[in-house]
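Heads up: the structure comes next, in structure tokens.
Quick look at the structure:
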């Protein structure tokens with residue numbers, strides 16, 4: 081007997097772009113990482129928090145009021161206390177939200193690497209070049225350096241100095257939870273630009289090989305743009321580091 085055809089209702093699937101725009105919430109062992117995609121350059125702005133309700137914001141790229149509202153809503157809805165605001169490097173798409181975030185959470189410390197200060201001080205000029213409107217950048221509360229340990233809640237992140245994309249670039253590594261946050265050092269099957277001021281392509285590849293690819297294969301790489309990847313995937317498929 082022929083099977084009877086039953087017409088099913090059409091289900092609309094979200095496009096990849098639509099899903100990407102909504103961001104990603106990823107749960108590691110005991111830390112939540114919420115990714116927002118902010119400003120025209122689509123930077124990955126991260127909010128990390130654990131059961132303590134302490135949180136950090138990494139690379140605040142928010143530069144529009146609706147982006148500010150999204151960030152504020154997430155913090156408020158999860159009853160979080162922002163302890164640190166961190167810049168992985170001083171390019172304008174990763175720091176555009178510094179002024180607003182510092183005002184919104186005045187008790188939070190603004191952290192970055194000191195080597196990026198010459199670029200950081202030129203933020204307004206870079207903003208104009210990229211068509212962004214930003215306020216005067218607030219000064220850093222203090223500077224991070226290689227070997228520092230960054231703490232929030234029960235979490236500990238190791239600071240790695242990883243220049244090559246530009247001076248002042250850092251990577252944050254969470255060994256316990258198996259992920260790292262690398263700014264524009266490495267992307268899924270690609271690497272960061274090295275043709276901008278203070279960029280160095282050879283140094284970029286050296287940093288990737290010596291400080292990222294040496295980590296366990298299952299380590300999740302959370303880049304400054306695009307989708308997450310893993311150390312193993314990049315070893316196998318990234319053409320820039322073979």
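Residue numbers (the numbering used here): 81 to 322.
For every residue, glycine included, the Cβ atom is placed at its ideal position computed from N, Cα and C.
Under 7 angstroms Cβ to Cβ from residue i, same chain only, skipping five residues before and after it: list those, please.
i	result
residue 132	233 and 234
residue 267	303, 305 and 306
residue 283	243 and 244
residue 203	172, 175, 214 and 217
Please go through the same chain and pick out, in chain order, the residues whose beta-carbon is closer than 8 angstroms to the beta-carbon of residue i, but skip the five residues on each side of it.
i	result
residue 280	243, 244 and 274
residue 86	Because the pLDDT at residue 86 is just 39, under 50, the model does not fix this residue reliably, and the value given afterwards should be weighed accordingly. Counting only Cβ-Cβ distances below 8 angstroms, and skipping sequence neighbours, we find nothing.
residue 210	120, 121, 172 and 173
residue 153	none
residue 109	256, 257 and 258
residue 179	214, 215, 216, 217 and 218
residue 319	269
residue 317	269
residue 130	110, 111, 112, 232, 233, 234 and 235
Going by the beta-carbon positions, is the gap between residue i and residue j smaller than 8 angstroms?
i	j	result
residue 188	residue 164	yes
residue 326	residue 191	As displayed, the chain neither begins before 81 nor continues past 322, which places residue 326 out of reach and without an answer.
residue 155	residue 127	yes
residue 213	residue 262	no
residue 285	residue 259	no
residue 118	residue 125	yes
residue 278	residue 199	yes
residue 185	residue 208	no
residue 195	residue 160	no
Figure out for me which residue from the options has the closest Cα to the Cα of residue i.
i	options	result
residue 206	142, 276 and 262	276
residue 103	116, 112 and 110	116
residue 298	304, 105 and 311	311
residue 253	227, 269, 222 and 202	227
residue 141	109, 194, 256 and 217	217
residue 139	145, 177 and 199	177
residue 137	114, 317 and 145	114
residue 123	147, 135, 134 and 161	147
residue 296	282, 283 and 313	313
residue 181	319, 229, 236 and 149	149
Within the same chain, show all residues whose beta-carbon is closer than 6 angstroms to that of residue i, passing over the 5 residues directly before and after it, in chain order.
i	result
residue 264	245, 272 and 304
residue 91	Note that residue 91 scores 40 on pLDDT, short of 50, meaning its location in the model is unreliable and no value can be drawn from it.
residue 308	300 and 302
residue 221	189 and 190
residue 106	113
residue 237	230, 252 and 254
residue 287	242 and 244
residue 197	none
Would you check whether the ligand FMN has a heavy atom nearer than 7 angstroms to the C-beta of residue i?
i	result
residue 281	For the structure depicted, the ligand FMN is absent and the ligand set is empty, with no information on it obtainable.
Distance cutoff 8 angstroms, beta carbons only. Does residue i sit that close to anything in chain D?
i	result
residue 292	No chain D appears in the structure shown, which is made up of a single protein chain.
Does the pairing of the region 167-177 with the region 235-255 give three or more beta-carbon distances under 8 angstroms? yes
Are three or more beta carbon pairs between the region 232-243 and the region 274-291 nearer than 8 angstroms? yes
Where are the beta strand (DSSP E) runs, 3 residues long or more, that stay fully inside the region 223-274, in chain order? 229-232, 235-241, 250-254 and 259-261
Which ranges does the alpha helix (DSSP H) cover as unbroken runs of at least 4 residues, wholly within the region 274-309, from first to last along the chain? 281-287
Going along the chain, which unbroken runs of the beta strand (DSSP E) with 3 or more residues stay wholly within the region 150-223? 161-166 and 189-193
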